[in-house]
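Visitor: Residue numbers (UniProt numbering), protein chains in the order written: chain Z, 1 to 417; chain R, 1 to 417.
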């Protein structure tokens with residue numbers, strides 16, 4: 001979240017961006033409406049020429065944005081003809097006016113593509129509490145729907161950025177019963193990112209012919225180890241929205257419509273979806289505001305997976321761990337602290353901690369063979385893996401995060417000005 | 001926690017420090033043992049010439065330090081003759097050697113004052129995971145016990161500092177049944193400070209003749225709205241220790257020994273204890289690493305006090321709220337976010353938010369009469385009060401914290417070097 005583009009691209013940015021093929025049945029347009037930003041696009045419209053299936057996961061915030069409320073209501077229908085996204089204003093905590101904005105935007109989108117408002121989905125990202133004037137961009141939607149083409153995924157990823165320093169894109173080709181389908185996704189971060197919800201904005205699409213209920217089951221499952229295992233700053237947005245659309249166009253090429261989520265023919269698709277979500281989620285973590293290192297925290301030997309996740313999040317969200325990584329300091333004492341504060345079962349005297357392949361602590365003490373130089377070398381890598389073995393059970397989880405730098409403070413100490 | 005003294009004193013430091021009178025029956029000595037720091041004191045010894053009552057509250061970390069384990073065991077006896085504290089090394093996550101260090105230190109202290117090891121209490125603060133060599137300071141204890149005098153409270157507060165930029169001291173004079181007794185306290189912060197335990201190190205003493213069980217009940221109750229309502233960085237230390245000693249010397253002046261904690265004659269003492277603990281806790285928050293503003297978050301109208309506290313902590317621990325305060329930005333949208341992420345009952349459309357006396361949001365929207373200039377003026381104060389009214393019930397709590405600045409990142413990105 002944020003309103004000004006960062007001057008420099010994160011050192012953790014991909015060396016090149018994925019090129020996403022068109023998804024048959026889905027067209028994309030972007031526009032520069034000047035909602036907040038100047039000299040860049042800030043509106044994205046995705047058009048489904050015929051009704052497509054849709055699934056979604058949203059923030060668990062008790063103070064959700066107006067578009068989140070709007071999407072939740074429409075998701076019951078399971079059908080989508082248009083998605084409209086704006087950056088620069090979150091339309092969150094905007095009361096009655098916020099609801100008027102979503103209604104007006106949806107009517108304009110529905111008229112533009114010839115559908116009901118109930119088949120429109122909306123997302124907004126940016127500053128909270130400022131009224132969003134739909135008139136700034138609703139008049140553009142008819143033209144956007146007309147001009148939209150299938151290839152503009154990179155444009156789409158660009159238009160939804162806020163303080164992101166690079167666009168997040170991913171694509172997978174995967175077979176369902178021998179027919180290759182495409183799975184595309186885009187996402188945006190870059191602060192106010194934490195699990196316990198879907199986190200940030202992300203829009204996925206496939207040409208597979210999957211009904212909404214099947215999509216929803218697969219999406220909800222895939223979110224847990226990916227977007228729900230990413231944290232930048234522990235702060236949960238009011239606006240987090242993840243939508244997955246299936247146009248079904250691959251049916252014309254013989255792809256079967258599968259409703260049983262246990263059907264083995266969905267296994268590869270399910271794996272590709274999980275893999276792509278993790279890819280996008282990690283791209284978000286690596287573009288966390290001010291990030292200079294990705295942190296990968298793996299906790300194993302916990303009493304359960306849930307306990308492992310709680311401890312991993314305690315480590316990944318600890319300001320003292322995050323600043324130590326920023327300082328490239330293998331400060332495992334702070335990892336001990338974060339294990340201890342998680343409130344989950346842990347036995348100090350069984351703890352083993354490693355940075356990368358360098359074991360620094362063993363059975364509740366500094367490893368006698370510990371090499372500070374070797375640990376320091378790990379800390380200088382772009383990705384810093386932290387492993388904690390509790391020795392209590394078989395629970396295991398990995399959480400992805402980034403370090404806490406002065407740039408984070410700078411970006412967020414000057415947000416609205 | 002930290003190993004180097006900050007170059008500059010916090011702008012939130014008191015303009016002058018409390019001068020603490022002697023507590024009859026308690027003598028103090030400090031020494032420079034060179035455990036980690038050079039050119040300053042790093043060992044504190046408090047000597048009780050006759051057995052005194054003692055109460056304690058400790059970290060809830062699952063990975064407590066060796067001194068915390070040691071104190072917890074001795075607290076069952078309820079009697080103290082010596083307290084030994086060192087700064088520069090926490091003796092945490094030090095395994096068997098850590099236990100040998102506490103045992104050796106306790107034997108030396110017991111010999112120095114002529115008591116059992118069970119009447120010795122220990123605390124250590126500083127880096128985690130480094131073995132602490134008791135031989136560095138145990139040989140000093142006999143001389144310290146001999147030289148100790150009653151007036152050295154300021155020396156005591158200085159000796160236990162780590163990254164603190166100023167010593168924390170407080171004193172109260174209060175009557176029990178018409179006899180005036182003294183209550184003194186010192187504390188140290190300044191990072192790895194969060195509730196869900198006693199937080200940091202703090203040592204209190206009184207000449208009131210109160211038995212250990214009475215002391216413990218009053219201390220445990222007074223900790224909740226004070227030390228357990230302070231957070232600097234949400235990180236819970238392995239070493240947090242709060243001890244309260246009662247020498248009983250005031251009995252000679254006619255002060256009654258009161259065992260019933262419901263006795264009305266204890267009311268003023270109880271209030272003074274609570275007030276002093278809050279004073280010390282706020283001194284700790286105001287000296288949070290890199291702090292430039294104190295944040296006072298009050299949540300009212302919650303479904304319960306516990307719910308109000310959880311929401312207040314969510315706000316006070318939010319990196320986005322803390323960086324906004326650092327930037328003197330009245331970014332109430334982030335307060336909305338932090339209310340929403342707390343997971344506690346909240347109704348977005350009933351929320352009212354104020355910074356100081358400036359109401360910025362009302363009934364789920366920006367206050368139509370909101371003045372950015374007036375809100376900005378509040379943000380420039382050393383103390384920034386944030387009020388949230390939920391409109392659901394009568395639950396209320398206040399949490400004390402500080403802002404998140406580049407200096408925090410700088411201090412903690414360079415900790416061990």
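In this text, a Cβ means the ideal position worked out from N, Cα and C, and glycines have one as well.
Which residue from 402(R), 10(R) and 213(R) puts its Cα closest to that of residue 55(R)?
Guide: Locating residue 55(R) in the second chain gives position 55, counting from the first residue. Per the Cα distances, 213(R).
Visitor: Should the stretch 397 to 411 of chain R be called in touch with the stretch 224 to 234 of chain R, which here means at least 3 C-beta pairs below 8 Å?
Guide: Cβ pair count under 8 Å is three or more, so yes.
Visitor: DSSP on residue 319(R), reduced to helix/strand/coil?
Guide: Along the second chain, one-based indexing puts residue 319(R) at 319. Helix, per DSSP.
Visitor: Taking the alpha helix (DSSP H) that residue 86(R) belongs to, which residues open and close that run?
Guide: What you label residue 86(R) is simply residue 86 of the second chain in a count that begins at 1. From DSSP, residue 86(R) is part of no alpha helix (DSSP H) but of the beta strand (DSSP E) over 79 to 89.
Visitor: Checking 7 Å against the spacing of the C-beta atoms, do residue 358(R) and residue 342(R) come in under that value?
Guide: Stepping through the second chain from its first residue, residue 358(R) is reached at position 358. Stepping through the second chain from its first residue, residue 342(R) is reached at position 342. No, the pair does not count as a contact, with Cβ atoms beyond the cut-off.
Visitor: Roughly how many whole angstroms lie between the Cα atoms of residue 137(Z) and residue 355(Z)?
Guide: For the purposes of this step, residue 137(Z) is taken as residue 137 along the first chain, with counting starting at 1. For the purposes of this step, residue 355(Z) is taken as residue 355 along the first chain, with counting starting at 1. Using only the alpha carbons, I get a separation of about 49 Å.
Visitor: Exposed or buried, which one is residue 294(R) when buried takes at least 16 other CB atoms within 10 Å?
Guide: For the purposes of this step, residue 294(R) is taken as the residue at position 294 of the second chain. By the 10 Å Cβ count, residue 294(R) comes out buried.
Visitor: So the beta strand (DSSP E) residue 387(R) belongs to, where does it begin and stop?
Guide: Numbered from its first residue, the second chain carries residue 387(R) at position 387. Unbroken beta strand (DSSP E) run through residue 387(R): 383 to 389.
Visitor: In the DSSP assignment, what are the bridge partners of residue 259(Z)?
Guide: Taking the first residue of the first chain as position 1, residue 259(Z) is located at position 259. Answer is none; residue 259(Z) lacks a bridge partner.
Visitor: Roughly how many angstroms separate the alpha carbons of residue 127(R) and residue 238(R), rounded to a whole number?
Guide: Within the second chain, the letter at position 127 stands for residue 127(R). Within the second chain, the letter at position 238 stands for residue 238(R). Taking the straight line from one Cα to the other gives about 11 Å.
Visitor: Which two residues bound the contiguous alpha helix (DSSP H) that contains residue 433(Z)?
Guide: In the structure as shown, chain Z starts at 1 and stops at 417, and residue 433(Z) therefore has no counterpart that could be examined.
Visitor: If you measure from the beta carbon of residue 412(R) to each beta carbon in chain Z, is any gap under 7 Å?
Guide: Sequence index remark: in the second chain, residue 412(R) carries index 412 (1-based). With 7 Å as the cut-off, residue 412(R) counts as an interface residue toward chain Z.
Visitor: Give a yes or no on whether the C-beta atoms belonging to residue 36(Z) and residue 98(Z) are separated by under 7 Å.
Guide: For the purposes of this step, residue 36(Z) is identified with residue 36 of the first chain, where counting begins at 1. For the purposes of this step, residue 98(Z) is identified with residue 98 of the first chain, where counting begins at 1. Result no, Cβ atoms of residue 36(Z) and residue 98(Z) do not sit closer than 7 Å.
Visitor: Does the distance from the C-beta atom of residue 287(R) to that of residue 166(R) stay below 7 Å?
Guide: Stepping through the second chain from its first residue, residue 287(R) is reached at position 287. Stepping through the second chain from its first residue, residue 166(R) is reached at position 166. Taking 7 Å as the Cβ cut-off, residue 287(R) and residue 166(R) qualify as a contacting pair.
Visitor: Using Cβ-Cβ distances below 7 Å, what residues of the stretch 109 to 132 of chain Z are close to chain R?
Guide: Cβ contacts with chain R: 127, 128 and 129.
Visitor: Kindly identify the DSSP beta-bridge partner or partners of residue 188(R).
Guide: Translated into the one-based positions of the second chain, residue 188(R) becomes position 188. According to DSSP, which records beta bridges pairwise, residue 188(R) is partnered with 201(R).
Visitor: Taking C-beta pairs closer than 7 Å, name the residues in chain R that residue 364(Z) reaches, listed in chain order.
Guide: As a working note, residue 364(Z) is residue 364 in the first chain. Correct list: 93 and 95.
Visitor: Would you report the Cα separation of residue 21(R) and residue 276(R), rounded to the nearest angstrom?
Guide: The residue given as residue 21(R) occupies position 21 in the second chain. The residue given as residue 276(R) occupies position 276 in the second chain. Approximately 15 Å between the Cα atoms of the pair.
Visitor: Which parts of the stretch 91 to 150 of chain R are runs of the alpha helix (DSSP H), unbroken and 4 residues or longer, counting only runs that do not cross its ends?
Guide: As far as the stretch 91 to 150 of chain R is concerned, its whole alpha helix (DSSP H) runs of at least 4 residues are 95 to 113 and 141 to 147.
Visitor: Taking its Cβ as the centre, do 16 or more other Cβ atoms sit within 10 Å of residue 151(R), making it buried, or is it exposed?
Guide: Here the question's residue 151(R) lines up with position 151 in the second chain. It counts as exposed.
Visitor: If we define contact as Cβ-Cβ less than 7 Å, is residue 337(R) a contact residue for chain Z?
Guide: If you number the second chain from 1, residue 337(R) lands on position 337. Output row for residue 337(R): interface = yes.
Visitor: To the nearest angstrom, how far is the alpha carbon of residue 211(R) from that of residue 261(R)?
Guide: On the second chain, residue 211(R) is found 211 positions in, with the first residue counted as 1. On the second chain, residue 261(R) is found 261 positions in, with the first residue counted as 1. Answer to the nearest angstrom: the Cα atoms are 10 Å apart.
Visitor: Which first and last residues belong to the beta strand (DSSP E) in which residue 294(R) is found?
Guide: Numbered from 1 along the second chain, position 294 holds the residue referred to as residue 294(R). That run of the beta strand (DSSP E) goes 294 to 302.
Visitor: My output table needs one value for residue 229(Z): the three-state DSSP class, helix, strand or coil.
Guide: As a working note, residue 229(Z) is residue 229 in the first chain. Looking at residue 229(Z) - three-state DSSP - the assignment turns out to be helix.
Visitor: So which residues of chain Z does residue 319(R) contact, with C-beta pairs closer than 8 Å?
Guide: If you number the second chain from 1, residue 319(R) lands on position 319. Under the 8 Å cutoff, chain Z gives 233, 234, 235, 319, 404, 408 and 412.
Visitor: Label residue 92(R) either buried or exposed according to how many other C-beta atoms from any shown protein chain fall within 10 Å of its C-beta, with 16 as the threshold for buried.
Guide: By one-based count along the second chain, residue 92(R) stands at place 92. Per the 10 Å Cβ criterion, buried.
Visitor: Tell me whether residue 225(Z) is buried or exposed, calling it buried when 16 or more other Cβ atoms sit within 10 Å of its Cβ.
Guide: Here residue 225(Z) refers to the residue found at position 225 of the first chain. With 16 or more Cβ atoms within 10 Å of its Cβ, residue 225(Z) is classed as buried.
Visitor: Check the DSSP bridge columns for residue 402(Z) and list the partner residues they point to.
Guide: Working through the first chain from its first residue, we reach residue 402(Z) at position 402. For residue 402(Z), which the question treats as bridged, DSSP gives the partners 294(Z).
Visitor: Using the three-state DSSP reduction, which class does residue 164(R) fall into: helix, strand or coil?
Guide: In the second chain, residue 164(R) corresponds to position 164, counting from 1. In this structure, residue 164(R) counts as coil in the three-state DSSP scheme.
Visitor: Checking the sheet assignment: what are the DSSP bridge partners for residue 172(R)?
Guide: Looking up residue 172(R) in the second chain gives position 172. Residue 172(R) is bridged to 183(R).
Visitor: If we cut at 7 Å on Cβ distances, does residue 8(R) have a partner in chain Z?
Guide: Here residue 8(R) refers to the residue found at position 8 of the second chain. No, because no Cβ of chain Z sits closer than 7 Å to the Cβ of residue 8(R).
Visitor: Identify, in the order they occur along the chain, each residue of the same chain with its Cβ nearer than 8 Å to the Cβ of residue 142(R), setting aside the five sequence neighbours on each side.
Guide: Within the second chain, residue 142(R) is the residue found at index 142, counting from 1. Closer than 8 Å at Cβ, skipping near neighbours: 108, 111 and 112.
Visitor: Considering only their Cβ atoms, is the gap separating residue 81(Z) from residue 44(Z) smaller than 7 Å?
Guide: Working through the first chain from its first residue, we reach residue 44(Z) at position 44. Working through the first chain from its first residue, we reach residue 81(Z) at position 81. Their beta carbons are not under 7 Å apart, which means residue 44(Z) does not touch residue 81(Z) by this criterion.
Visitor: Buried or exposed: where does residue 267(R) fall if 16 or more other Cβ atoms within 10 Å of its Cβ makes it buried?
Guide: Within the second chain, the letter at position 267 stands for residue 267(R). Classification for residue 267(R): exposed.
Visitor: Can you tell me the Cβ-Cβ gap for residue 12(R) and residue 291(R), rounded? I've got them flagged as a contact below 8 Å.
Guide: As a first step, residue 12(R) is located in the second chain; it is residue number 12 there, counting from the start. As a first step, residue 291(R) is located in the second chain; it is residue number 291 there, counting from the start. Contact holds; Cβ gap of about 6 Å.
Visitor: What span of residues does the alpha helix (DSSP H) with residue 69(R) cover, start to end?
Guide: Residue mapping note: residue 69(R) aligns to position 69 of the second chain, counting from 1. Here the alpha helix (DSSP H) through residue 69(R) covers 66 to 75.
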